[in-house]
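The sequence shown begins at 232 in our numbering and counts up by one. Glycine is no exception: its CB is placed at the ideal position from the N, C-alpha and C atoms.
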Amino acid sequence: MRYDNITDIIGQTPLLRIDQAVHGLQNIDLYAKLELFNPFGSVKDRAAWSMTQPDMDNAVRRGSQIVELSSGNTAKALALIAGIHGLGFKSVSNRMRVPEIKELLLLLGAQIEELPGQTECLDPTNADDPLTQFHRALRQPGSEYLHTDQYYNERNVQAHATGTGPEIVEDLDGRAPDWFIACVGTAGSSTGVAGVLRAHNPDIEVVGLVAHKSDFIPGIRNIDEVHEVGLFDPAVYHSINAVTSDEAIDGMLVLARRSGILSGPTGGAAYFGALRHLRPIDERLTTRKSAVFIVCDRIESYLSYIRKRRPGLFGGAEQRNTVAALTDDEVRTATTIDVETAQRWMEEDGPLVIDLRSPFAYAALHIEGSINIVDELFEELLRNGLPFSKRRPLLLACPVGEKSAKYAALLTRLGHPDTRSLSGGIVAWRDAGAQLIRE
Ligand SMILES: Cc1ncc(COP(=O)(O)O)c(C=O)c1O
Numbered sequence: 232m233r234y235d236n237i238t239d240i241i242g243q244t245p246l247l248r249i250d251q252a253v254h255g256l257q258n259i260d261l262y263a264k265l266e267l268f269n270p271f272g273s274v275k276d277r278a279a280w281s282m283t284q285p286d287m288d289n290a291v292r293r294g295s296q297i298v299e300l301s302s303g304n305t306a307k308a309l310a311l312i313a314g315i316h317g318l319g320f321k322s323v324s325n326r327m328r329v330p331e332i333k334e335l336l337l338l339l340g341a342q343i344e345e346l347p348g349q350t351e352c353l354d355p356t357n358a359d360d361p362l363t364q365f366h367r368a369l370r371q372p373g374s375e376y377l378h379t380d381q382y383y384n385e386r387n388v389q390a391h392a393t394g395t396g397p398e399i400v401e402d403l404d405g406r407a408p409d410w411f412i413a414c415v416g417t418a419g420s421s422t423g424v425a426g427v428l429r430a431h432n433p434d435i436e437v438v439g440l441v442a443h444k445s446d447f448i449p450g451i452r453n454i455d456e457v458h459e460v461g462l463f464d465p466a467v468y469h470s471i472n473a474v475t476s477d478e479a480i481d482g483m484l485v486l487a488r489r490s491g492i493l494s495g496p497t498g499g500a501a502y503f504g505a506l507r508h509l510r511p512i513d514e515r516l517t518t519r520k521s522a523v524f525i526v527c528d529r530i531e532s533y534l535s536y537i538r539k540r541r542p543g544l545f546g547g548a549e550q551r552n553t554v555a556a557l558t559d560d561e562v563r564t565a566t567t568i569d570v571e572t573a574q575r576w577m578e579e580d581g582p583l584v585i586d587l588r589s590p591f592a593y594a595a596l597h598i599e600g601s602i603n604i605v606d607e608l609f610e611e612l613l614r615n616g617l618p619f620s621k622r623r624p625l626l627l628a629c630p631v632g633e634k635s636a637k638y639a640a641l642l643t644r645l646g647h648p649d650t651r652s653l654s655g656g657i658v659a660w661r662d663a664g665a666q667l668i669r670e
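Take a look at the structure:
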């Protein structure tokens with residue numbers, strides 16, 4: 232196989248049947264669409280190339296910089312595509328949470344701009360999310376940027392409607408499967424593929440997967456965020472199911488250890504979600520059926536993500552004291568207090584107020600006297616036990632009060648006698664008209 236351009240290698244990925252001895256389904260053939268075989272390593276190579284290709288000549292002539300609001304695979308693919316064409320790439324995101332991808336982007340010469348997100352940003356003179364504002368500026372006519380706009384760009388869907396979907400049908404000898412299971416990030420891949428498969432089999436059942444509430448699986452949305460995506464159309468899916476990061480890692484381990492697939496967490500989530508959905512159906516089947524799920528990318532970029540959640544896999548001690556290890560009961564019974572009660576308590580007992588938002592958001596506006604420890608760092612601190620005296624009460628604050636409730640539960644588990652979470656977070660504090668100061 233000879234090629235002149237690396238972009239010609241995008242697509243035509245293999246469809247691999249998972250061994251029945253691994254998945255255990257009796258009447259369903261389960262196939263993995265191996266998008267990790269794309270040249271830049273993920274399903275997003277298709278979208279990135281589809282979104283840039285039509286404007287590339289113009290961009291090269293003008294020396295435009297390619298810009299995308301992505302901190303993951305789309306950014307990686309775009310940085311490489313930009314480089315091939317002698318252009319620069321800028322990634323704008325509200326938190327780069329996967330260190331390996333951030334480092335790779337820097338290594339590729341990408342410019343990274345991190346901005347606070349809507350719930351974190353509380354400047355009253357600037358009510359809009361800075362990301363949204365940035366987004367708007369990029370859309371202005373005459374912009375010097377080539378903005379690929381993956382959350383709204385139909386070419387993201389098209390890449391899969393003309394590539395990924397037809398490839399699956401071809402590899403199944405002209406038929407579409409009975410089930411299609413895919414994780415939802417921008418919704419581009421699931422929407423594009425589902426449309427093609429449904430045209431071949433109107434009875435196909437499409438299952439979309441997202442991360443569990445407040446949980447984080449890199450590359451996809453969680454159940455609270457999925458409706459905010461421009462390309463997301465609920466009519467595409469029969470159901471949208473949530474997978475925890477722990478379940479995604481379990482699925483990923485089976486794919487890697489038993490099937491030889493070096494899948495990242497979303498491939499693991501898709502495998503886990505597929506089996507959870509199909510097992511009860513499989514028992515009732517009398518005819519042979521088939522199902523396809525997508526393996527979006529590779530495992531290597533997520534070693535620190537996995538280590539943080541499962542240190543035992545790397546020879547370290549299993550961590551009991553993590554947010555992920557909390558039970559629903561522990562979180563439900565964490566002490567939360569409203570703004571008025573918190574203000575009174577601060578006057579009377581002077582708790583240490585810890586703001587768990589990003590440094591950008593904290594610098595913009597915060598509760599006077601509070602200290603800033605971003606949530607990820609806070610979890611690291613708690614890993615080795617209580618880093619605070621038990622004598623001083625603690626008030627935890629985050630954007631909307633969800634994360635702080637979890638950390639209050641964790642501190643209670645660690646033996647701190649009086650940790651409370653600010654109900655509704657800094658947003659509720661602001662809405663109540665309570666004072667916030669700028670650094
Ligand atoms: C690792 C990973 N898995 C899954 C997806 C979901 O793909 P889509 O954006 O097409 O919904 C993405 C998208 O960013 C991703 O990076």
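message: Spatial neighbours of residue 407 within its chain, please: C-beta separation below 6 Å, excluding the five flanking residues on both sides.
response: Within the same chain, residue 407 has close Cβ partners 400, 428, 431, 432 and 435.
message: Which runs of the alpha helix (DSSP H) at least 4 residues long sit entirely within the stretch 485 to 516? Give them in chain order.
response: Listed in chain order, the complete alpha helix (DSSP H) runs (minimum 4 residues) inside the stretch 485 to 516 are 496 to 513.
- prompt: According to DSSP, which residues form a beta bridge with residue 586?
  reply: Note: residue 586 sits in a beta bridge opposite 603 and 628.
- prompt: Are the CB atoms of residue 475 and residue 443 nearer to each other than 7 Å?
  reply: Yes, they are a contact pair.
message: For residue 670, which residues in the same chain have their Cβ closer than 6 Å to its Cβ, ignoring the five residues on either side in sequence?
response: Correct list, in chain order: 594.
task: Could you work out which residue in 388, 544 and 246 is closest to residue 523 when comparing CA atoms only?
output: It is 246 whose Cα lies nearest to the Cα of residue 523.
task: Could you tell me which of 490, 607, 639 and 497 sits nearest to residue 252, measuring between CA atoms?
output: Selected option, being the one with the closest Cα: 490.
- request: May I ask which residues mark the beginning and end of the beta strand (DSSP E) holding residue 533?
  value: Here residue 533 belongs to no beta strand (DSSP E), and DSSP marks it neither H nor E.
message: Restricting to runs no shorter than 3 residues, where is the beta strand (DSSP E) found entirely within the stretch 435 to 491?
response: Complete beta strand (DSSP E) runs here, min 3: 436 to 442 and 470 to 474.
message: Please state the DSSP three-state secondary structure of residue 243.
response: Taken through DSSP and simplified to helix, strand or coil, residue 243 comes out as coil.
query: In chain order, what residues of the same chain lie with their CB nearer than 7 Å to the CB of residue 641, ignoring the 5 residues before and after it?
result: Result list for residue 641: 552, 554, 557 and 613, in chain order.
query: So is residue 383 buried or exposed if we call it buried at 16+ other beta carbons inside 10 Å?
result: So residue 383 ends up on the exposed side.
field: Any chain B beta carbon closer than 7 Å to residue 434
entry: Looking for chain B here will not work: only one protein chain is present.
field: Same chain only: Cβ atoms within 8 Å of residue 329, ignoring 5 sequence neighbours per side
entry: Hits under 8 Å: 302, 303, 449, 532, 533, 535 and 536.
Unbroken beta strand (DSSP E) run spanning residue 398, endpoints: If you look at residue 398, you'll find it isn't in any beta strand (DSSP E); it sits in the alpha helix (DSSP H) that goes 396 to 402.
task: Kindly examine ligand 1 and report whether one of its heavy atoms sits closer than 6 Å to the Cβ of residue 417.
output: Yes, the beta carbon of residue 417 sits closer than 6 Å to at least one heavy atom of ligand 1.
Start-end ranges of the beta strand (DSSP E) lying completely within the stretch 254 to 306, minimum 3 residues: List check, beta strand (DSSP E) in window: 259 to 265 and 296 to 299.
message: Considering only heavy atoms of ligand 1, does any lie closer than 6 Å to the CB of residue 497?
response: The answer is yes for residue 497.
message: Are there any heavy atoms of ligand 1 lying less than 6 Å away from the beta-carbon of residue 220, as far as the coordinates show?
response: With the chain running from 232 to 670 in the structure shown, residue 220 is simply not present.
- request: Say whether the stretch 310 to 324 touches the stretch 597 to 614, bearing in mind that this needs 3 or more beta-carbon pairs closer than 8 Å, one atom from each stretch.
  value: The stretch 310 to 324 is not in contact with the stretch 597 to 614.
Residue 651 - partner residues in DSSP beta bridges: 626.
query: Can you round the beta-carbon distance between residue 625 and residue 646 to whole angstroms, since I take them to be within the 8 Å contact cut?
result: Taking 8 Å as the upper bound for CB-CB distance, residue 625 and residue 646 are not in contact here, some 12 Å apart.
Three-way DSSP call (helix, strand, coil) for residue 614 in this model: Residue 614 falls in the helix class under three-state DSSP.
message: Looking only at its chain, what residues have a beta carbon closer than 7 Å to the beta carbon of residue 671, apart from the 5 residues adjacent to it on each side?
response: This structure does not reach residue 671, given that the chain is present from 232 up to 670, and the question cannot be answered.
field: Close-in-space but distant-in-sequence residues of the same chain around residue 324 (CB under 7 Å, 5 per side omitted)
entry: Within the same chain, residue 324 has close Cβ partners 300, 301, 302 and 345.
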